[in-house]
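> First to last, the sequence lines map onto chains A and B.
In terms of the UniProt record's numbering, the first sequence is residues 1 to 65.
In terms of the UniProt record's numbering, the second sequence is residues 1 to 413.
Heads up, the beta-carbon is just placed ideally off N, CA and C, and yes, glycines get one too.
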Amino acid sequence: MRVELDEPKCVAAGQCVMASPEVFDQREEDGVAILLEERPGDELLDGVREAVAVCPAAALRLVEE
Amino acid sequence: MADTLTGCPAHAGAPVPAYPMPRAEACPLAPPPAVEPLRAEQPITKVRIWNGGTPWLITRHADQRALLTDPRVSNDDCEPGFPHVNAHRAQIAPHTPKLITNTDAPEHTRLRRTVNGPFLVKRIEAMRPAIQKMVDGMIDDMLAGPNPADLLTALALPVPSLVIAELLGVPYKGHAFFQRNAGLALDNSLSADEATAASRALGQYIDTLFREKLENPDDAVLSEMAGRVKAGEMEHAEAVNMGVAMLIAGHETTATMISLGTLALLQHPEQLAVLRDTEDPKVIGNAVDELLRYLSILQTGVRRVALEDIEIGGLTIRAGEGMIFDVQAANWDPEAFPEAERLDLGRPARQHQAFGYGPHQCLGQNLARLELQVVYGTLYRRIPTLQLAARVDELEFDHTGTTYGVHSLPVTW
Numbered sequence: 001m002r003v004e005l006d007e008p009k010c011v012a013a014g015q016c017v018m019a020s021p022e023v024f025d026q027r028e029e030d031g032v033a034i035l036l037e038e039r040p041g042d043e044l045l046d047g048v049r050e051a052v053a054v055c056p057a058a059a060l061r062l063v064e065e
Numbered sequence: 001m002a003d004t005l006t007g008c009p010a011h012a013g014a015p016v017p018a019y020p021m022p023r024a025e026a027c028p029l030a031p032p033p034a035v036e037p038l039r040a041e042q043p044i045t046k047v048r049i050w051n052g053g054t055p056w057l058i059t060r061h062a063d064q065r066a067l068l069t070d071p072r073v074s075n076d077d078c079e080p081g082f083p084h085v086n087a088h089r090a091q092i093a094p095h096t097p098k099l100i101t102n103t104d105a106p107e108h109t110r111l112r113r114t115v116n117g118p119f120l121v122k123r124i125e126a127m128r129p130a131i132q133k134m135v136d137g138m139i140d141d142m143l144a145g146p147n148p149a150d151l152l153t154a155l156a157l158p159v160p161s162l163v164i165a166e167l168l169g170v171p172y173k174g175h176a177f178f179q180r181n182a183g184l185a186l187d188n189s190l191s192a193d194e195a196t197a198a199s200r201a202l203g204q205y206i207d208t209l210f211r212e213k214l215e216n217p218d219d220a221v222l223s224e225m226a227g228r229v230k231a232g233e234m235e236h237a238e239a240v241n242m243g244v245a246m247l248i249a250g251h252e253t254t255a256t257m258i259s260l261g262t263l264a265l266l267q268h269p270e271q272l273a274v275l276r277d278t279e280d281p282k283v284i285g286n287a288v289d290e291l292l293r294y295l296s297i298l299q300t301g302v303r304r305v306a307l308e309d310i311e312i313g314g315l316t317i318r319a320g321e322g323m324i325f326d327v328q329a330a331n332w333d334p335e336a337f338p339e340a341e342r343l344d345l346g347r348p349a350r351q352h353q354a355f356g357y358g359p360h361q362c363l364g365q366n367l368a369r370l371e372l373q374v375v376y377g378t379l380y381r382r383i384p385t386l387q388l389a390a391r392v393d394e395l396e397f398d399h400t401g402t403t404y405g406v407h408s409l410p411v412t413w
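#1: Report yes if the C-beta distance between Arg276 of chain B and Pro384 of chain B is below 8 Å; otherwise report no.
#2: Could you name the residues of the segment 77-106 of chain B whose beta carbon sits closer than 7 Å to any beta carbon of chain A, in the order they occur along the chain?
#3: Find the nearest neighbour of Gln351 of chain B within the set B:Ala368, B:Gly364, B:Asp333, judged by alpha-carbon distance.
#4: Name, please, each residue of chain B whose Cβ falls closer than 9 Å to the Cβ of Gly14 of chain A.
#5: Name, please, each residue of chain B whose Cβ falls closer than 7 Å to the Cβ of Glu50 of chain A.
#6: Hey, out of B:Leu157, B:Val85, B:Ala192, whose CA is closest to Met134 of chain B's CA?
#7: Cβ of Val293 of chain B within 8 Å of Cβ of Ala354 of chain B?
#8: Could you pull the DSSP bridge partners for Arg303 of chain B from this structure?
#9: On the criterion of 16 or more Cβ atoms from any shown chain inside 10 Å, does Thr316 of chain B qualify as buried, or is it exposed?
#10: Could you tell me the distance, in whole angstroms, from the CA atom of Ser408 of chain B to the CA atom of Leu379 of chain B?
#11: Taking CB distances under 8 Å as the criterion, tell me whether Arg128 of chain B reaches chain A.
#12: Given this structure, state the Cα-to-Cα distance separating Glu36 of chain B from Pro217 of chain B, to the nearest angstrom.
#13: Could you tell me whether any Cβ in chain B is nearer than 8 Å to the Cβ of Pro40 of chain A?
#14: Can you find a CB in chain B that lies within less than 8 Å of the CB of Gly31 of chain A?
#15: For the segment 40-97 of chain B, list the beta strand (DSSP E) runs that are entirely contained and at least 3 residues long, ordered along the chain.
#16: State the Cα-Cα distance for the pair Val159 of chain B and Ile131 of chain B, rounded to the nearest angstrom.
#17: What is the rounded straight-line gap between the Cα of Asp6 of chain A and the Cα of Val221 of chain B?
#18: Are at least three pairs of beta-carbons, each pair with one atom in the segment 363-375 of chain B and one in the segment 65-83 of chain B, less than 8 Å apart?
#19: For Val3 of chain A, which option in A:Glu22, A:Glu29, A:Ala13, A:Val11 has the closest C-alpha, if you only look at C-alpha atoms?
#20: With Leu62 of chain A as the anchor, note down where its beta strand (DSSP E) starts and where it stops.
#21: Classify Val411 of chain B as helix, strand or coil using the three-state DSSP reduction.
#22: Check for me: the beta strand (DSSP E) holding Arg2 of chain A runs from which residue to which?
#23: Taking the continuous beta strand (DSSP E) assigned at Glu311 of chain B, which residues delimit it?
#24: So with Cβ pairs under 8 Å, would you call Val23 of chain A a contact of chain B?
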């Protein structure tokens, strides 16, 4: 599974970091999401799915490879 | 229906209901009873607002998520057809600079990124020890003071007021002034002129402080914005308006969540016990989201206007028509939250829309969650015998504010 971040849509609400701090972080200057793990392991997928679901800007996708 | 000559739906011709709708006195924490049949049978329907306008009311969780992330749905409150909350908001709209609260992408995205710094998850989390210490101290004072006490003035209002004042760099000694004027600015029962006078007083107060910070900056947010103004990244008026918005939004809402959350928990002792008996941050974190879902204190809805025709649920929302997203209706939608009327601190609650949804979702939500985690995670553990010192039907609820609330919450222990 691969995570896609549509950065121009990101409004820096940080909800992905709350849901899955292992996979997401925020840029210090403006809070825009940073993808730490493009291909997170299975043990992280629940958190990633929650991050996708709660992203208010609909800027995240989890795609099957 | 097929048996009408015009082919109109059965409800055509029925009177358009007024919005906001009244709550049932016997269930002061539940959504207005008229909302549920609408969500079940007419989930997108016209309602009548204060100025006679008839925007669409959207009550289902899934429809709200779809529309609030749709780029054809605008937050520009100068668009004709925008369903203003009240006459005050309509009056100030043309005089308000471009802010995160009245713009769309891509301008909104740029503006939001310039004001977002203080609300980064890590920066908010770093405030936890200081907020914990503050809450512990206030509970010490409450226990040492008169019993019964008013939870609103002993804890609910001072915690978020102190936190937002320190975050912004506003002296806390001004709290009576800013609490009073924030209350007036958000009260839908006042005339436009009264509410405008209150928001203007707050604007002048922050403007004066902001000019001081331009000269003598500290490390708080007003000074951070002053730095951005000096660097040409932000306009002076924008910074002052954002300062006012953060000050207003930063204390009343969280204060209400503390007081109404405590009331809800005292009415559900088995749920209160969950918080009383745990120090697990995951349990506390989920409890906060469930209380946000259950209470959904924004009682005037999220307001938007359609920029183009939008087909949804077999209907067409025409360009120029207003929309109101009732967040408590969505948060009590059984499709999204089975047995939604049940307060259940263990349920998956994270996808509630109490902070709105879409790119305009509450800027301060991470701070609000942190404050509520500390308060809910401490108060009932420290005062396990906490109980109401009044009957629920003696409490006075705030039915006219932008957010719901209770005027005082007498408690004893």
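Once the coordinates are examined:
#1: yes
#2: none
#3: B:Asp333
#4: Asn116, Phe119, Leu120, Val121, Lys122, Ile124, Gln365, Asn366
#5: Arg350
#6: B:Leu157
#7: Note on identity: in this sequence residue 293 of chain B is Arg, with Val being the wrong assignment. Result yes, Cβ atoms of Arg293 of chain B and Ala354 of chain B sit closer than 8 Å.
#8: B:Ile324
#9: exposed
#10: 17 Å
#11: no
#12: 51 Å
#13: no
#14: yes
#15: 44-46, 56-58
#16: 8 Å
#17: 28 Å
#18: no
#19: A:Glu22
#20: 60-63
#21: strand
#22: 2-5
#23: 310-312
#24: no
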